[in-house]
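Below: the structure, in structure tokens.
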Amino acid sequence: MTRLRCIILVQFATILALGQVAPKQPEALVRSLYGEVVARQPVGLPRDANMTTFTPYLSKALIHRIDLTTACESEYFRQHQNPNEKPPFYWLEFGIFSGGNERTSPRAFHIERTQSEKDGSFRVNVSLTWGPHPEGPEIWRVAAVVRRKESHFVLDDVIFLKDEAMEAESRLSQILASGCDGGRWDGYGEHEYDLKRQR
């Protein structure tokens, strides 16, 4: 075999190997992240120890969005100082990686599949389980949007998939921006984000 053929064969094998490894890396990130979600069951915006735990998994854009939402929430509390008034934030009782209501506290997760998207991101579909119920555990699905940033992968968004409990798909990035103009609270008004469709 000539030297040129050897070089071409090595390059071809490298391309094939990289193509097979790439989906496993986003999947590994999501597996580790959701291991923390099940262990910690975070509700609302991550703070203190939770933020320290989750920050290494998150893209700079998602961290920035969380920071803006935290500032927006703080401004709301400066404007509304009645301790008997419940804040209207959708994210207040929301598991930002899992969903609302009983979906804030998944007991288990399973990665179903990973697919590459046209924009270079990966969509990692995850089933989450809450229960037990007399009728059996509740199972729902989310899709973690993972992107490569420099030498590693990070979570860039979470898609809460449409199912019998949710009439429409929604995104974490939309939920965190709802009611906020950057880091400023502007209320919902006509721009109200409709999470009422989620039970």
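Counting along the sequence shown from 1, when you hit position 84 you're at 74 in our numbering, and nothing is skipped either side. We treat Cβ as the ideally placed atom computed from N, Cα and C, and that holds for glycine.
Problem set entry | Beta-carbon contacts of Thr60 that lie in its chain and below 6 Å, excluding the five residues immediately before and after | Position 70 of the sequence shown, counted from the start, is the residue given in the question as residue 60. Correct list, in chain order: Leu35.
Problem set entry | Reduced DSSP secondary structure (H/G/I, E/B, other) of Ser106 | Counting from one through the sequence shown, the residue named residue 106 turns up at place 116. Ser106 falls in the strand class under three-state DSSP.
Exercise. Does the pairing of the stretch 120 to 128 with the stretch 141 to 151 give three or more beta-carbon distances under 8 Å?
Worked result: No, the stretch 120 to 128 does not touch the stretch 141 to 151.
For this session: Please name the residue, chosen from Trp81, Ser160, Gly90, Asp171, that lies closest to Trp240 on a Cα-to-Cα basis.
Result: The question about residue 240 has no answer here: the residues shown for the chain are numbered -9 through 189.
Problem set entry | Member of Phe84, Ala134, Lys152, Glu75 whose CA lies at the smallest distance from the CA of Leu19 | As a working note, residue 19 is residue 29 in the sequence shown. The shortest C-alpha separation from Leu19 is found at Ala134.
Exercise. DSSP three-state call for Val114: helix, strand or coil?
Worked result: Indexing the sequence shown from 1 puts residue 114 at position 124. Strand, per DSSP.
Exercise. Is the beta carbon of Tyr178 sitting closer than 7 Å to the one on Gly169?
Worked result: Working through the sequence shown from its first residue, we reach residue 178 at position 188. Working through the sequence shown from its first residue, we reach residue 169 at position 179. Cβ distance < 7 Å, so Tyr178 and Gly169 count as in contact.
Exercise. Hey, Pro32 and Ile86 are a contact pair by Cβ (cut 8 Å); roughly how many whole angstroms apart?
Worked result: Taking the sequence shown and counting its residues from 1, one reaches residue 32 at position 42. Taking the sequence shown and counting its residues from 1, one reaches residue 86 at position 96. Between Ile86 and Pro32 the Cβ distance is about 7 Å, and since that is below 8 Å, they are a contact.
Exercise. Where DSSP assigns a beta bridge to Trp130, which residues make up the other side?
Worked result: Stepping through the sequence shown from its first residue, residue 130 is reached at position 140. According to DSSP, which records beta bridges pairwise, Trp130 is partnered with Leu118.
For this session: Measure the CB-CB distance between Glu107 and Ser117 and report whether it falls below 7 Å.
Result: In the sequence shown, residue 107 corresponds to position 117, counting from 1. In the sequence shown, residue 117 corresponds to position 127, counting from 1. No, these two residues do not count as a Cβ contact at 7 Å.
Exercise. Out of Asp57, Val27, Asn115, which has the shortest C-alpha to C-alpha gap to Ala167?
Worked result: Taking the first residue of the sequence shown as 1, we reach residue 167 at position 177. The candidate whose alpha carbon is nearest that of Ala167 is Asp57.
Exercise. How is the alpha helix (DSSP H) around Val148 delimited, first residue to last?
Worked result: Looking up residue 148 in the sequence shown gives position 158. First-last for Val148: 142 to 150, but that is the beta strand (DSSP E), not the alpha helix (DSSP H).
Problem set entry | Inter-residue spacing [alpha-carbon to alpha-carbon] between Ser64 and Val148 | The sequence position of residue 64 within the sequence shown is 74, counting from 1. The sequence position of residue 148 within the sequence shown is 158, counting from 1. Roughly 24 Å separates the two Cα atoms.
Exercise. Which value, in whole angstroms, describes the spacing of the CA atoms of Gln69 and Trp175?
Worked result: As a first step, residue 69 is located in the sequence shown; it is residue number 79 there, counting from the start. As a first step, residue 175 is located in the sequence shown; it is residue number 185 there, counting from the start. Roughly 9 Å separates the two Cα atoms.
Problem set entry | Nearest neighbour of Lys14, chosen from Gln164, Arg138, Arg93 [CA to CA] | As a working note, residue 14 is residue 24 in the sequence shown. Looking at the Cα atoms, Arg138 is the closest of the given residues.
For this session: Could you tell me the distance, in whole angstroms, from the CA atom of Val11 to the CA atom of Thr104?
Result: Translated into the one-based positions of the sequence shown, residue 11 becomes position 21. Translated into the one-based positions of the sequence shown, residue 104 becomes position 114. Note on Val11: pLDDT 41, under 50, position unreliable in the model; no value is reported.
Problem set entry | Proximity to Gln164 [Cα-Cα], best of Glu75, Glu157, Thr42, Phe150 | Within the sequence shown, residue 164 is the residue found at index 174, counting from 1. Checking every option, the nearest Cα to that of Gln164 belongs to Phe150.
Problem set entry | Candidates Val136, Tyr80, Glu157, Ala29, of which the one nearest Ser111 by Cα | Translated into positions along the sequence shown, residue 111 becomes position 121. Of the listed residues, the one whose Cα sits closest to Ser111 is Val136.
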